[in-house]
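Following: one structure in structure tokens, then a few remarks.
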Amino acid sequence: MINRISAVVEKEFKHLLRDKRMLFVIIFFPVFLLGIFGYAVNFDVHHIQLAVYNQDKSEISRDFINSLTSSDYFEIIKYITKDSEIKKSLDEKLVQVVLVIPNDFSKNLYSKKEPADIQFLIDGVDGNTATIISNYVKSATLSYNAKFQKEALQKIGKSPLIPIDLRPIFQFNPELSTTKFLIPGLIAMILIITAVVTVSLSLVKEKEHGTADQLKISSLSTLEIILGKTIPYILIALLDAVFILIAGYILFSVEIKGNYFLLFLSTFVFILASTSLGIFISVISDTQQLAFTFATMASMLPSVILSGFIFPIESMPFAIQLLTNITPAKFFIVILRAIILRGVGLQAFWHQLIYLIFFAIIFLFSATVIGNHKTKSA
4 MINRISAVVE KEFKHLLRDK RMLFVIIFFP VFLLGIFGYA VNFDVHHIQL
54 AVYNQDKSEI SRDFINSLTS SDYFEIIKYI TKDSEIKKSL DEKLVQVVLV
104 IPNDFSKNLY SKKEPADIQF LIDGVDGNTA TIISNYVKSA TLSYNAKFQK
154 EALQKIGKSP LIPIDLRPIF QFNPELSTTK FLIPGLIAMI LIITAVVTVS
204 LSLVKEKEHG TADQLKISSL STLEIILGKT IPYILIALLD AVFILIAGYI
254 LFSVEIKGNY FLLFLSTFVF ILASTSLGIF ISVISDTQQL AFTFATMASM
304 LPSVILSGFI FPIESMPFAI QLLTNITPAK FFIVILRAII LRGVGLQAFW
354 HQLIYLIFFA IIFLFSATVI GNHKTKSA
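Put into structure tokens, the structure is as follows:
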């Protein structure tokens with residue numbers, strides 16, 4: 004059996020080596036996708052386009068404006084000189100937020116009789132970005148308040164009283180980078196798409212070229228054919244995983260904090276589960292076009308929408324949470340985040356591995372049964 008499978012594996016590798024363009028796409032395109040998605044899919048908001056309408060024109064108002072632009076979160080695009088420019092700037096999307104400082108800002112700030120009001124007018128079309136901008140301006144204002152209060156008390160020889168000194172510490176991702184959070188999801192998405200599409204197209208191509216019939220009448224069993232055809236793609240997918248991890252470290256400084264062997268084992272099991280899905284699709288498809296359509300729908304859409312890659316599963320309705328179990332990417336993302344970001348051991352994700360093994364067995368068994376049935380019918 005091992006000799007027969009080895010012969011099919013050797014044959015498949017020879018086909019791949021002849022088709023150098025396909026081999027190049029399979030190996031290097033996943034790294035290209037990681038770079039594109041890693042930079043494009045990013046929820047961090049920097050260089051927020053800010054317009055300033057400073058009616059006060061005092062030293063304290065200028066100091067407050069400088070406190071906003073001292074980081075890379077805000078970038079002043081224009082200074083507004085009249086009220087009508089505010090609406091125009093937001094309507095034409097020239098800026099994302101307008102800061103309005105009234106003419107009595109410094110007077111009220113020093114008199115302490117009236118609150119020193121300021122106003123931020125935020126473009127709320129993109130709700131997620133608007134919420135982030137709102138949090139930034141609140142944080143910047145609170146920080147300036149604390150600084151002003153401290154300086155005012157120091158002038159009269161007093162120190163500020165802080166009843167509760169809140170100092171949050173962020174574990175695993177101290178800089179709160181969304182890229183580091185999304186990279187494991189990107190790895191899972193790229194690997195499942197690569198594995199499912201390549202395996203399904205490879206097997207269906209044998210049908211279209213008529214060589215599948217030659218394999219069926221040979222001494223090879225359906226299981227031996229499936230294993231021989233998929234082992235090369237499993238090995239290539241593992242190589243892709245190595246390249247993707249290296250690219251993630253070089254491009255986004257994503258370091259592996261956990262055990263390398265556990266990462267290899269988990270990746271191998273996930274690729275096995277993904278290729279089993281590709282095998283199943285190839286068995287039920289008769290053309291490469293149909294196989295590509297099924298493979299894309301079964302790998303890309305669930306891995307983006309239902310895996311927890313971008314949208315948290317806990318926030319979904321219960322019925323949709325049940326539906327998320329159809330994609331192995333959901334469980335592999337949990338494993339990757341546990342190993343790469345948290346650096347935890349097997350006890351934190353062993354049940355995710357069991358599901359991946361269960362997923363692979365079900366689809367391999369289904370593909371073998373359907374394949375044997377089609378062979379007997381033919």
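Those letters in the sequence shown? Residues 4 to 381, per the numbering used here, in order.
Here a beta-carbon is modelled for each residue, glycine too, at the ideal position from N, C-alpha and C.
- Restricting attention to 104, 116, 95 and 247, the CA atom closest to the CA of residue 66 is found in 104.
- Residue 88: member of the alpha helix (DSSP H) spanning 87-94, first to last residue.
- Note on residue 320: under 16 other CB atoms within 10 angstroms of its CB, so exposed under the neighbour-count rule.
- A distance below 7 Å between beta-carbons, with the five flanking residues on each side excluded, links residue 122 to the following residues of its chain, in chain order: 103.
- When C-beta atoms of the stretch 300-320 are compared with those of the stretch 329-339, three or more pairs fall below 8 Å, so the two segments count as touching.
- Taking all protein chains in view, the Cβ of residue 57 is crowded by 16 or more other Cβ atoms within 10 Å, so the residue is classified as buried.
- For residue 124, the enclosing beta strand (DSSP E) has its first and last residue at 122-125.
- Short of 8 Å from the beta carbon of residue 288, and not among the five residues preceding or following it, lie these beta carbons of its own chain, in chain order: 203, 207, 294 and 297.
- Following the DSSP letters along the chain, one finds residue 153 inside the alpha helix (DSSP H) bounded by residues 130-158.
- A direct Cα-to-Cα measurement between residue 78 and residue 143 gives close to 14 Å.
- DSSP, reduced to helix, strand and coil, places residue 60 outside both helices and strands of the structure shown, so it counts as coil.
- Residue 52 sits in a strand when the DSSP states are folded into three classes.
- According to DSSP, residue 81 shares a beta bridge with 54.
- Here the alpha carbons of residue 247 and residue 39 stand approximately 12 Å from one another.
- Residue 189 and residue 176 have their C-alpha atoms some 17 Å from each other.
- Within the same chain, no Cβ atom closer than 6 Å to the Cβ of residue 73 is found once the five residues on either side in sequence are excluded.
- Counting the other CB atoms within 10 Å of its CB gives residue 290 a total below 16, which places it among the exposed residues.
- A direct Cα-Cα distance of roughly 12 Å separates residue 368 from residue 230.
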